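Enquirer:
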Amino acid sequence: MNYSFEGFKREDGTAGTRNYVAIVSSVICSSAVVREISEKVSGAIPIVHANGCAQLGNDFTLTRNMLVGVSSNPNIHSALLVGLGCETNQVSGLLKHAPKTKPIKGIGIQQLAGGTNTIQKGISIAETWAKEATEQERTILSLSSLTVGILNVDADEDSLEKIGPIIGSVIDRLIENNAKVIMGLSKTLEPAGHLLSERMIDATEKEKAIRFSMGLQRMRWGNPALVDEDTEFTEEETKLAMLELKMTGTSTINSVLDYGEIPKENGLHMINVSSNVVESLSKMASSGCNIVLIVSNRGVLTGSIALPCLTITPKNEMSSYNELIDYTLKGSNIQEESERIIEELLKVCSGKQTQLEMLELGEFSIPHLGTTY
-11 MNYSFEGFKR EDGTAGTRNY VAIVSSVICS SAVVREISEK VSGAIPIVHA NGCAQLGNDF
49 TLTRNMLVGV SSNPNIHSAL LVGLGCETNQ VSGLLKHAPK TKPIKGIGIQ QLAGGTNTIQ
109 KGISIAETWA KEATEQERTI LSLSSLTVGI LNVDADEDSL EKIGPIIGSV IDRLIENNAK
169 VIMGLSKTLE PAGHLLSERM IDATEKEKAI RFSMGLQRMR WGNPALVDED TEFTEEETKL
229 AMLELKMTGT STINSVLDYG EIPKENGLHM INVSSNVVES LSKMASSGCN IVLIVSNRGV
289 LTGSIALPCL TITPKNEMSS YNELIDYTLK GSNIQEESER IIEELLKVCS GKQTQLEMLE
349 LGEFSIPHLG TTY
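Take -11 as the starting number for the sequence shown in my numbering and just add one per residue.
1. Return yes when the Cβ of Ile151 is within less than 9 Å of the Cβ of Ala197, no when it is not.
2. With distances taken between CB atoms, is the gap from Ser59 to Ile33 smaller than 9 Å?
3. If you check the beta carbons only, do Tyr247 and Leu50 fall under 9 Å apart?
4. Tell me whether Asn260 is buried or exposed, calling it buried when 16 or more other Cβ atoms sit within 10 Å of its Cβ.
5. Using only CA atoms, which one of Glu27, Pro87, Gly237, Gln78 lies nearest to Gly156?
6. According to the neighbour-count rule (16 or more other Cβ atoms, all chains shown, within 10 Å of its Cβ), is Leu289 buried or exposed?
7. Could you pull the start and end residues of the alpha helix (DSSP H) that Ile17 belongs to?
8. With DSSP collapsed to three states, give me the class of Phe352.
9. Put Glu186 into one of helix, strand or coil per three-state DSSP.
10. Can you give me the Cβ contacts of Gly350 inside the same chain, cut-off strictly under 6 Å, excluding the 5 residues immediately before and after it?
11. Just verifying my parser: in three-state terms, what is the DSSP assignment at Glu178?
12. So, are the CB atoms of Ile16 and Asn39 less than 9 Å apart?
13. For Ser18, which option in Lys28, Arg6, Tyr8, Ile35 has the closest C-alpha, if you only look at C-alpha atoms?
14. What separation, rounded to the nearest whole angstrom, lies between the Cα atoms of Val169 and Asn105?
15. Could you round the C-beta distance between Tyr(-9) and Leu334 to whole angstroms and report it? I think they count as a contact, below 8 Å.
16. What does DSSP give as the partner residues of Phe48 in its beta bridges?
17. Would DSSP call Asn63 helix, strand or coil?
18. Does the beta-carbon of His37 have 16 or more other beta-carbons within 10 angstroms, so that it is buried, or is it exposed?
19. Am I right that Leu256 and Leu295 are in contact with their C-beta atoms under 8 Å? What's the rounded C-beta distance?
20. Should Leu233 and Glu145 be called a contact, given that it needs their Cβ atoms to be closer than 9 Å?
21. In this structure, how does DSSP classify Asp216 when only helix, strand and coil are distinguished?
22. Grouping DSSP H, G and I as helix and E and B as strand, with all else coil, what is Lys90?
23. Roughly how many whole angstroms lie between the Cα atoms of Pro62 and Ser274?
24. Can you tell which of Leu298, Pro302, Pro355 has its C-alpha closest to the C-alpha of Lys340?
25. Please classify Ser80 as buried or exposed, where buried requires at least 16 neighbouring CB atoms within 10 angstroms.
26. Please look up how many angstroms separate the CB atoms of Met235 and Asn140, rounded, as I've assumed it's under 8 Å.
27. Please determine, among Ala180, Val283, Thr122, Glu(-1), the residue with the shortest C-alpha to C-alpha distance to Lys88.
28. Tell me the DSSP secondary structure of Cys297 in three-state form.
29. According to DSSP, is Asn105 helix, strand or coil?
30. Using the C-alpha atoms, what's the distance from Ala67 back to Pro179?
31. Which residue marks the beginning of the beta strand (DSSP E) containing Lys168, and which one marks its end?
32. With distances taken Cα to Cα, identify the nearest neighbour of Arg126 among Glu224, Asn264, Glu(-6).
33. Going by DSSP, what residue range makes up the beta strand (DSSP E) through Leu83?
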């Protein structure tokens, strides 16, 4: 079947499902200024976080890569980078790595002699871009222009049995139509790392998946946490992993992405995610996703400020978060359900607001690889 949607075509061949002007803080210290600029400009969103000051090593690289990544996201029409002036994560460094395929500028609070001047300058720049974004029309585009994120938040054994094969079918259909899909490698999937590696052709990517199955690695005080190569999983952990494995579909896996790394080719890619929903969605935004399917048992209380998040749940009469759910499974027929989910996805990509968007529940967050001093 020939799927299409109405999106914003970008110079680099990607497509936006939204057309935001992003006001991006290089450091926590410029967050208040960034928020005020975005509040004064229609169509602008604030990309704020708690990082950027006195960061070193891997944490600094992660912050820089994620901010460059989200500025590069196809849902962003243009990006204004706002710094303080004395931070480690300098605006000049971000501009050096930032995309050259869209309007992007940087300003600094110290450079402009204070917050008031910076706000006025930022509003002037962002208003010009916002007018241009408003005048840009959606065009009919193919699925190959999309990068779709898949995130399992809290699905339990019963939910995974119902929804896992259906999401797997959705992924396979998207890939058959040359879309990029980025699947979140949650802790639940750890016991399935070796099975995931068997679907990878590249030897380096295989090794990444195998390491993942040994346990999630985290940096502490600058040293890698020790990983036990003889990690044993409980029967319950293994069962959950096998159920979530069905959610990944059957396609070949091309790569395991790092923070801010954008997939180079169409197909299925994996990315490590944490139990923090906002951090996980922010990672997906920085890797080029322009929509995320959130698979949940009952719905989530926040989404991404940069991406529409379409929440899918199995039928749950007990859920108290029905106003946060976009699609509830209507039956058990895998083909019919996957077709309906893709239809809903294409509507959202074409401009239909998700429940989280209508409630204005969206945030951005950058994780820490190491212990914070």
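For glycine and all other residues, C-beta sits at the position ideal for the given N, C-alpha and C. Just so it is clear, the structure is predicted and the values come from calculations on it, not from any experiment.
Expert: Result, derived from the coordinates:
1. Residue mapping note: residue 197 aligns to position 209 of the sequence shown, counting from 1. Residue mapping note: residue 151 aligns to position 163 of the sequence shown, counting from 1. Not in contact: Ala197 and Ile151 (Cβ atoms no closer than 9 Å).
2. Your numbering for residue 59 matches position 71 in the sequence shown. Your numbering for residue 33 matches position 45 in the sequence shown. In this structure, Ile33 does not lie closer than 9 Å to Ser59 by Cβ.
3. Here residue 247 refers to the residue found at position 259 of the sequence shown. Here residue 50 refers to the residue found at position 62 of the sequence shown. Contact flag set, yes.
4. Here residue 260 is taken as the residue at index 272 of the sequence shown, counted from 1. Flag for Asn260 reads buried.
5. Numbered from 1 along the sequence shown, position 168 holds the residue referred to as residue 156. The residue with the shortest Cα to Cα distance from Gly156 is Gly237.
6. Residue mapping note: residue 289 aligns to position 301 of the sequence shown, counting from 1. Its Cβ having fewer than 16 others within 10 Å, Leu289 is exposed.
7. Within the sequence shown, residue 17 is the residue found at index 29, counting from 1. In the sequence as displayed, the identity of residue 17 is Cys instead of Ile. Cys17 -> no alpha helix (DSSP H), and no H or E assigned at all.
8. As a first step, residue 352 is located in the sequence shown; it is residue number 364 there, counting from the start. Phe352: coil per DSSP, three-state reduction.
9. Sequence index remark: in the sequence shown, residue 186 carries index 198 (1-based). Residue state, collapsed to three classes: coil.
10. Here residue 350 refers to the residue found at position 362 of the sequence shown. Excluding residues within five positions, the ones whose Cβ falls inside 6 Å are Gly291, Ser292, Ile293.
11. Reading the sequence shown from its first residue, position 190 is the one you call residue 178. Reduced to three states, the DSSP call for Glu178 is helix.
12. Taking the sequence shown and counting its residues from 1, the one referred to as residue 16 is at position 28. Taking the sequence shown and counting its residues from 1, the one referred to as residue 39 is at position 51. Yes; because the gap between Cβ atoms is below 9 Å, this pair is in contact.
13. Indexing the sequence shown from 1 puts residue 18 at position 30. Looking at the Cα atoms, Ile35 is the closest of the given residues.
14. Residue numbering aside, residue 169 sits at position 181 when the sequence shown is read from its first letter. Residue numbering aside, residue 105 sits at position 117 when the sequence shown is read from its first letter. Val169 and Asn105: Cα-Cα distance of roughly 42 Å.
15. On the sequence shown, residue -9 is found 3 positions in, with the first residue counted as 1. On the sequence shown, residue 334 is found 346 positions in, with the first residue counted as 1. Between Leu334 and Tyr(-9) the Cβ distance is about 6 Å, and since that is below 8 Å, they are a contact.
16. Position 60 of the sequence shown holds residue 48. None, per the DSSP bridge assignment.
17. Counting from one through the sequence shown, the residue named residue 63 turns up at place 75. Looking at Asn63 - three-state DSSP - the assignment turns out to be coil, as it is neither helix nor strand.
18. Sequence index remark: in the sequence shown, residue 37 carries index 49 (1-based). So His37 counts as buried.
19. The residue you call residue 256 lines up with position 268 of the sequence shown. The residue you call residue 295 lines up with position 307 of the sequence shown. Between Leu295 and Leu256 the Cβ distance is about 19 Å, and since that is not below 8 Å, they are no contact.
20. What you label residue 233 is simply residue 245 of the sequence shown in a count that begins at 1. What you label residue 145 is simply residue 157 of the sequence shown in a count that begins at 1. No, the Cβ-Cβ distance between Leu233 and Glu145 is not below 9 Å.
21. Residue 216 sits at position 228 when you count from the first residue of the sequence shown. In this prediction, Asp216 has a pLDDT of 45, which is less than 50 and means its spatial position is unreliable; what the coordinates show is noted afterwards. Reduced to three states, the DSSP call for Asp216 is coil.
22. Counting from one through the sequence shown, the residue named residue 90 turns up at place 102. Coil, per DSSP.
23. Working through the sequence shown from its first residue, we reach residue 62 at position 74. Working through the sequence shown from its first residue, we reach residue 274 at position 286. About 10 Å.
24. Sequence index remark: in the sequence shown, residue 340 carries index 352 (1-based). Ranking the options by Cα distance to Lys340, first place goes to Leu298.
25. Locating residue 80 in the sequence shown gives position 92, counting from the first residue. Ser80 should be labelled exposed.
26. Working through the sequence shown from its first residue, we reach residue 235 at position 247. Working through the sequence shown from its first residue, we reach residue 140 at position 152. About 7 Å separates the beta carbons of Met235 and Asn140, which is inside the 8 Å limit, making them a contact pair.
27. On the sequence shown, position 100 is the one that residue 88 refers to. The shortest Cα separation from Lys88 among Ala180, Val283, Thr122, Glu(-1) belongs to Glu(-1).
28. Against the sequence shown, residue 297 aligns to sequence position 309. It is a strand residue.
29. Start at 1 with the first residue of the sequence shown, and residue 105 comes out as number 117. Three-state result, Asn105: helix.
30. Along the sequence shown, one-based indexing puts residue 179 at 191. Along the sequence shown, one-based indexing puts residue 67 at 79. The alpha-carbon atoms of Pro179 and Ala67 are separated by roughly 40 Å.
31. Taking the sequence shown and counting its residues from 1, the one referred to as residue 168 is at position 180. Start and end: 168 to 173.
32. Position 138 of the sequence shown, counting from 1, holds the residue named residue 126. Closest by alpha carbon: Glu(-6).
33. To locate residue 83, count along the sequence shown from 1; it is residue 95. It is not in any beta strand (DSSP E) - Leu83 instead sits in the alpha helix (DSSP H) that spans 79 to 85.
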